[in-house]
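In the working numbering, the protein residues as written are 3 to 177. Here is the structure we will look at, set down as C-alpha cells.
Here it is in C-alpha cells:
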C-alpha cells in the first residue's frame with residue numbers, strides 16, 4: 003500500500019494545474035484507488051477534493067445543470083420551460099441602476115478575477131481605492147459564459163476565462 007500511495011502522491015503532484023488535477027489512469031480500479039488515496043492525502047493537508055470528472059461507464063453524474071433544473075420540475079428536455087421564455091423578460095429593459103464609482107486617486111487599482119467550472123467560465127473586474135483612510139472595492143464589470151456543449155477540460159475553460167478577463171481589463175482601461 004505504501005508504494006501505491008507514494009506513486010499516487012507523485013502522480014497527484016505532477017497533475018495539478020491551478021486548482022485542478024488533470025490525470026489519466028488505465029483501469030477503473032486505478033481510478034477508484036487514485037480518487038480514494040488522493041482524497042486521503044489532500045484531506046491530511048486540510049484540502050477538500052471534490053467535483054471529480056471522468057469517462058467511467060455507468061457514472062451517475064449529469065452533464066448539464068440546465069437539464070437538472072428541468073428534471074427537478076419534472077419536465078422533459080424538449081418541453082418549453084419558464085427558464086427559456088424570453089418574452090417574459092421584456093420588463094428588464096426598463097430597469098436602470100445608477101453606478102457610482104468610488105473616489106478615484108493614485109491609490110486606485112484594478113483587480114481581475116477569473117474562474118471556470120465544468121458548466122461555465124467567468125471573469126470580473128473590481129476597482130479598489132483608498133480615500134481618507136477608507137478602503138472601497140466595487141464591481142465594475144463581469145462576464146459569464148456557459149461552457150461549450152462539447153466537453154473540454156477545466157484548464158482549457160480557465161484559459162477562456164483568462165481571455166474574457168483580459169478583454170474586460172482592456173475595455174475598462176480604455177473607457
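Just so it is clear, CB atoms sit at the ideal spot from N, CA and C, and this is done for glycine as well.
Residue from the options with nearest C-alpha to residue i
i, options, result
"residue 36", "54, 19 and 147", "54"
"residue 156", "128, 168, 56 and 16", "56"
"residue 167", "128, 134, 137 and 177", "128"
"residue 143", "125, 133 and 131", "125"
"residue 145", "135, 169 and 138", "169"
"residue 50", "31, 22, 29 and 30", "22"
Endpoints, the beta strand (DSSP E) within which residue i is located
i, result
"residue 127", "122-133"
"residue 118", "111-118"
"residue 142", "136-148"
Opposing strand residues paired with residue i [DSSP bridges]
i, result
"residue 22", "19"
Beta carbon of residue i nearer than 8 Å to that of residue j
i, j, result
"residue 122", "residue 147", "yes"
"residue 131", "residue 109", "yes"
"residue 24", "residue 17", "yes"
"residue 171", "residue 106", "no"
"residue 33", "residue 14", "no"
"residue 141", "residue 149", "no"
Residue range of the unbroken alpha helix (DSSP H) whose run includes residue i
i, result
"residue 173", "156-176"
"residue 38", "30-46"
Problem set entry | Touch test, the stretch 162-169 against the stretch 111-127, Cβ-Cβ under 8 Å, three pairs minimum | Output reads yes: the stretch 111-127 touches the stretch 162-169.
Exercise. Can you find at least 3 beta carbon pairs, one from the stretch 38-46 and one from the stretch 9-28, that sit closer than 8 Å?
Worked result: Output reads yes: the stretch 9-28 touches the stretch 38-46.
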